[in-house]
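What follows is a single structure, written as structure tokens, with notes after it.
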Amino acid sequence: MTAPDSEFPLEDTSPADAGAIEQSATLGTGSAIALGCTLLSVILLVLAILIILAMDRF
Numbered sequence: 036m037t038a039p040d041s042e043f044p045l046e047d048t049s050p051a052d053a054g055a056i057e058q059s060a061t062l063g064t065g066s067a068i069a070l071g072c073t074l075l076s077v078i079l080l081v082l083a084i085l086i087i088l089a090m091d092r093f
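Last residue of the sequence shown: 93 (the working numbering), numbering continuous.
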């Protein structure tokens with residue numbers, strides 16, 4: 036079964052589509068960086084709380 040050429044044109048990648056693909060890739064990288072920063076800040080917060088509790092004991 037072959038689809039007609041009008042249904043699936045081969046050279047139909049307009050600059051808008053390429054921009055959308057590029058934007059989604061950038062968004063994925065940005066969210067990964069944001070997730071890393073969030074995890075880092077949570078870890079630092081837990082470390083700070085542990086240090087404060089340890090200083091209270093001595």
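Backbone N, C-alpha and C fix where the C-beta goes; we use that ideal spot for every residue, glycine too. These numbers come from a predicted model, not from an experiment.
Could you give the distance in angstroms between the alpha-carbon of residue i and the alpha-carbon of residue j?
{"i": "Val77", "j": "Met90", "result": "20 Å"}
{"i": "Gly65", "j": "Ile87", "result": "33 Å"}
{"i": "Leu80", "j": "Ala67", "result": "20 Å"}
{"i": "Cys72", "j": "Leu82", "result": "15 Å"}
{"i": "Leu75", "j": "Ile84", "result": "14 Å"}
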